[in-house]
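Input: a single structure, listed below in structure tokens.
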Amino acid sequence: MATATNRATGTKTTLQRAAQAVGAVFLLVGVLGFIPGITSNYDALSFAGHGSEALLLGIFQVSVLHNIVHLLFGVAGILMSRTHPQARSYLLYGGVIYFVLWIYGLIIGHDSAANFVPVNSADNWLHFILGIGMIALPSCFPATHVTPAPPTVKTGITRSTRRRTS
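Residue numbers (the working numbering): 114 to 279.
Next comes the structure, spelled out in structure tokens:
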């Protein structure tokens, strides 16, 4: 049966590469959230909650917990990019999670205890864009079935080693 990944050559479908790239970006964002200068107000970085005044790229409110979530989401993307079905699930369900985060961010007060991740308006709209993009990717790159080459069978018998019967 054909599979979406040719394990012999290690080739990946376009969707797997997309999931891997999304995961790598999340890893990068998670790391950048811990770097002063890239994260402004770094001295105001708290573990969690709306009190964290640190801003990634001077725009997106982050905390230690927020950065850890990005790191974990990145690792999940890279690991799940190993097979086409897992890559598809990562992108679809990840997109749904980001839509839920977008709605959650719109509903909660940004100064309330419910804003524990924390998020601001820029985060909310980024979550909306991520939700659309991650859900759209599996539709743009459906499964590509790779048909493996038929195996060659070696019997160990060559022309010179065959016995002639008379």
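Glycine is no exception: its CB is placed at the ideal position from the N, C-alpha and C atoms. None of the values given here were measured: they were computed from a predicted structure.
Thinking residue i and residue j are a contact (beta carbons under 8 Å), I'd like their distance in whole angstroms, please.
i    : j    : result
G136 : G190 : 2 Å
A154 : L168 : Here the sequence assigns Asn to residue 154, which means Ala is not the residue at that position. Going by Cβ atoms, the distance from N154 to L168 rounds to 6 Å, so yes, they are a contact pair.
T126 : F254 : 7 Å
Is it buried or exposed for residue i, if we count other Cβ within 10 angstroms and need 16 for buried?
i    : result
V142 : buried
P231 : buried
W238 : exposed
L214 : buried
S252 : exposed
Is residue i helix, strand or coil by DSSP?
i    : result
Y206 : helix
S225 : coil
F173 : strand
P255 : coil
S234 : helix
Taking 8 Å as the limit between beta carbons, can you name the residues of its chain near residue i, skipping five residues before and five after?
i    : result
F160 : S176, V177, L178
S202 : M193
Counting only the same chain and skipping the five closest in sequence on each side, list residues whose C-beta sits under 7 Å from that of residue i.
i    : result
D236 : F173, Q174, G218
A200 : L128, Q129, A132, M193, S194
L250 : L128, A131, L204
P149 : Y155
Leaving out the 5 sequence neighbours to the left and right, which residues in its chain are closer than 6 Å to residue i when beta-carbon positions are compared?
i    : result
T152 : G146, A167, L169
D224 : H163
Hey, would you say the C-beta of residue i is under 6 Å away from at least one heavy atom of the ligand GTP?
i    : result
S234 : No copy of the ligand GTP appears in this structure; indeed no ligand is present at all.
Just curious, the alpha helix (DSSP H) that residue i is in, first and last residue?
i    : result
V142 : 127-145
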